[in-house]
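Notes follow the structure.
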Amino acid sequence: GDEPGLGSLVGLRYLDGGVSWSVGIVRRINGAGNGHHHLGIELLSRGVIRVALGVVLPDGTLDEDGESAVDALLLPSASDRSAGRLTTHVAFRPDAFDPRVSYALKLFGMEYLLLPKVILEQTDEYVIAEYRLLLRAGE
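Numbering (this note's numbering), first residue to last: 11 to 149.
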């Protein structure tokens, strides 16, 4: 079925009527009987934004070919201590991820450059990487 296994990326929404989704990874599964399970989930993000990332070419220009845009999930930090951090996490499908590529992101009227730092998690289903986030200068 569609039951999450260890390491599965899952979406969470609080029962108190919250409108935004959170993202987590299943870290523990305990059987509770009657076909029910208790899941231990590491919360990665309090909110998620689907984004199309533009590929930045080695010369620093943006690849204008719409075919090269990468569909991904921007994962704002789940930590209250993240305010002012210059990094962000991004989730990709494994076939869409290239650890050497920098990306351009347009979000809320601003343009950002995402520079790859480190792969945080990698499975057959997803890759989560950390990027340095820089405000992109106008062209």
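Glycine included, every Cβ here is placed at the ideal spot set by N, Cα and C.
Taking 8 Å as the upper bound for CB-CB distance, Pro109 and Pro126 are in contact here, some 6 Å apart. Here the alpha carbons of Asp69 and Arg38 stand approximately 45 Å from one another. The C-alpha of Val61 lies about 39 Å from the C-alpha of Asn44. The straight-line gap separating the alpha-carbon atoms of Val100 and Leu115 is approximately 11 Å. By the Cβ test, the region 12–27 is in contact with the region 49–60, since at least three Cβ pairs between them sit closer than 8 Å. The DSSP-derived three-state label of Ser78 is helix. Rounded to the nearest angstrom, the Cβ distance from Leu54 to Leu96 is 18 Å, too far for a contact under 8 Å. The beta carbon of Leu22 sits closer than 8 Å to the beta carbons of Trp31, Ser32, Val33, Gly34, Ile51 and Leu53 from its chain, once the five residues preceding and following it are set aside; these are given in chain order. Sequence-distant Cβ neighbours of Tyr141 in its own chain, meaning closer than 7 Å and more than five residues away, are Thr97, Thr98, Val100, Leu124, Leu125, Pro126 and Lys127.
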